[in-house]
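For the sequence shown, UniProt numbering begins at 3 and goes up steadily by one. Note that CB positions come from ideal geometry on N, CA and C, so glycine has one too. Since the structure is predicted, the reported quantities are computational estimates derived from the model, not experimental observations. Everything below concerns the one structure shown next.
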Amino acid sequence: NPEVFILAIESSCDDTAAAILQNDKVLSNVVANQLIHAQYGGVVPELASRAHQQNIVPVIDAALRKANIQKEQLSAIAFTQGPGLMGSLLVGSSFAKSLALALKIPLIAVNHMHAHILAHFIDEEGFDKPTFPFLALTISGGHTQIVKVNDFFDLTIIGETTDDAVGEAFDKSAKILGLPYPGGPLVDKYAQLGNPKAFVFTKPKVPGLDFSFSGLKTAILYFIQKKKLENPNFIEENLNDICASIQFTIIEILMDKLKLAVKETGIKQIAIGGGVSANSGIRKTLKETENKYGWKTFIPKFEYTTDNAAMIGIVGYQKFLTEIFETSSVVSKARIQF
Ligand code: KG4
Ligand code: ZN
Numbered sequence: 003n004p005e006v007f008i009l010a011i012e013s014s015c016d017d018t019a020a021a022i023l024q025n026d027k028v029l030s031n032v033v034a035n036q037l038i039h040a041q042y043g044g045v046v047p048e049l050a051s052r053a054h055q056q057n058i059v060p061v062i063d064a065a066l067r068k069a070n071i072q073k074e075q076l077s078a079i080a081f082t083q084g085p086g087l088m089g090s091l092l093v094g095s096s097f098a099k100s101l102a103l104a105l106k107i108p109l110i111a112v113n114h115m116h117a118h119i120l121a122h123f124i125d126e127e128g129f130d131k132p133t134f135p136f137l138a139l140t141i142s143g144g145h146t147q148i149v150k151v152n153d154f155f156d157l158t159i160i161g162e163t164t165d166d167a168v169g170e171a172f173d174k175s176a177k178i179l180g181l182p183y184p185g186g187p188l189v190d191k192y193a194q195l196g197n198p199k200a201f202v203f204t205k206p207k208v209p210g211l212d213f214s215f216s217g218l219k220t221a222i223l224y225f226i227q228k229k230k231l232e233n234p235n236f237i238e239e240n241l242n243d244i245c246a247s248i249q250f251t252i253i254e255i256l257m258d259k260l261k262l263a264v265k266e267t268g269i270k271q272i273a274i275g276g277g278v279s280a281n282s283g284i285r286k287t288l289k290e291t292e293n294k295y296g297w298k299t300f301i302p303k304f305e306y307t308t309d310n311a312a313m314i315g316i317v318g319y320q321k322f323l324t325e326i327f328e329t330s331s332v333v334s335k336a337r338i339q340f
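Rendered as structure tokens:
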């Protein structure tokens, strides 16, 4: 088998990322975070595309340099086609198209959610790969999905959120508590010091394997407003317990659906991905299912869990092997199915 070198570009939201893969191994994985959004309490699309425009050339140069690869050695270029913010996607796709044309190499379009799932197939010491079929739980700031993965290109969404994503549930709860954006990691941090049973928030009743998180956010808002009327320092005095209780509820919601998905499909291999899988409570709870229910769980290396280009590269590699290529008339898509 000849060596395949893929340059992968990810620019779907607020991170500009580039990676070089040699077959299924990552040679470099560079991410430029856009700190500008924190002061606005969320990603501002117009600012995101402008920052991608500024970052993309240095990020790709850095990825090539770190991998010690010349452009001329590349076998193909993979980019995120969607889902994501249109202005952000266009920066990555335009760059990928031009470079592929200039180098006369194949162009590969990658679905960001597909990439979060196939990230488990990056060859990385100390990390096992799932075998088909398995269930993927993709939890990020933009998505919440349970996907039945039969093969690299045979995936079925069996459950997804009907409103907010899990990451939004974390970030919006954090905002209610006055924490800066993105609040998910902070809720996690305080939750580790608190009592998860201190406060009870009702879980939404959603049929089947779908999720809903907007009701939880509203319940938390009303709860905090009421408590603050009684005690203006309620948040400050109970921050750890509030965070622990919110996180506990979110994990329960996820676990209830996962248990149902395992029951319905008979599949006990669970692979998680997306930024929220960095959550320490989720990791711990999932690990516990191995002894408790005989599940086998897979959590990728942290840098392949949050938005990154290495995961785009591994889908690119699989598509290269199967020769699934695009012409430069391929279009970016804000919404996209598998
Ligand atoms: O996958 P990702 O980097 O970007 C998206 O595609 O959305 O996910 C970002 C999301 C944010 O909502 C962030 O608050 C959340 O992941 N997040 C966490 C943690 N680390 C990141 N949520 C809870 N606990 C964490 N430790
Ligand atoms: Zn993502």
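State buried or exposed for residue i, treating a residue as buried only when at least 16 other CB atoms are found within 10 Å of its CB.
| i | result |
| --- | --- |
| E127 | exposed |
| Q249 | buried |
| A171 | buried |
| K286 | exposed |
| V59 | exposed |
| Q339 | exposed |
| P234 | exposed |
| Y42 | exposed |
| V333 | exposed |
| F123 | buried |
| N57 | buried |
| F213 | buried |
| Y306 | buried |
Going by CA-CA distance only, name the one from the options that's closest to residue i.
| i | options | result |
| --- | --- | --- |
| E266 | T146, F300, E292 and L137 | L137 |
| F203 | Y224, P209 and L195 | Y224 |
| K99 | A336, Q339, F327 and F340 | F327 |
| E74 | V33, L103, T307 and V149 | L103 |
| T308 | S330, V333 and S279 | S279 |
| G144 | S282, E292, N293 and S14 | S14 |
| E238 | L181, K303 and L109 | L181 |
| F155 | A117, Y306 and I244 | A117 |
| K174 | I160, T164, V189 and N152 | V189 |
At a cut-off of 7 angstroms, would you count residue i as near the ligand ZN, judging by its Cβ distance to the nearest heavy atom?
| i | result |
| --- | --- |
| H116 | no |
| G44 | no |
| G276 | yes |
| S142 | yes |
Looking at the strands, I want to know which residues DSSP matches up with residue i.
| i | result |
| --- | --- |
| I274 | L139 |
| E328 | L109 |
| Q147 | T140 and E162 |
| S30 | I22 |
| F7 | Q24 |
When every heavy atom of the ligand KG4 is checked, does at least one fall within less than 7 angstroms of the C-beta of residue i?
| i | result |
| --- | --- |
| D309 | yes |
| D317 | According to the sequence displayed, residue 317 carries Val and not Asp. No, since every heavy atom of the ligand KG4 falls outside the 7 angstroms radius drawn around the Cβ of V317. |
| C245 | no |
| G84 | no |
| N281 | yes |
| V32 | no |
| G186 | yes |
| D190 | yes |
| D173 | yes |
| G94 | no |
| G169 | yes |
Are any of the Cβ atoms in chain C nearer than 8 angstroms to that of residue i?
| i | result |
| --- | --- |
| A19 | Chain labels in this structure do not include chain C; a single protein chain is all it has. |
Below 8 angstroms, can you find three or more Cβ-Cβ pairs linking the stretch 316–334 to the stretch 8–17? By the Cβ rule, the stretch 316–334 counts as touching the stretch 8–17, because three or more pairs are nearer than 8 angstroms.
Is it the case that the stretch 40–48 contacts the stretch 57–70, given that we only count it when at least three CB pairs across the two stretches are under 8 angstroms? Between the stretch 57–70 and the stretch 40–48 there are fewer than three inter-stretch CB-CB distances shorter than 8 angstroms, so the stretches are not counted as touching.
Pairing CB atoms from the stretch 106–115 with CB atoms from the stretch 25–42, are three or more of them under 8 angstroms? When C-beta atoms of the stretch 106–115 are compared with those of the stretch 25–42, fewer than three pairs fall below 8 angstroms, so the two segments do not count as touching.
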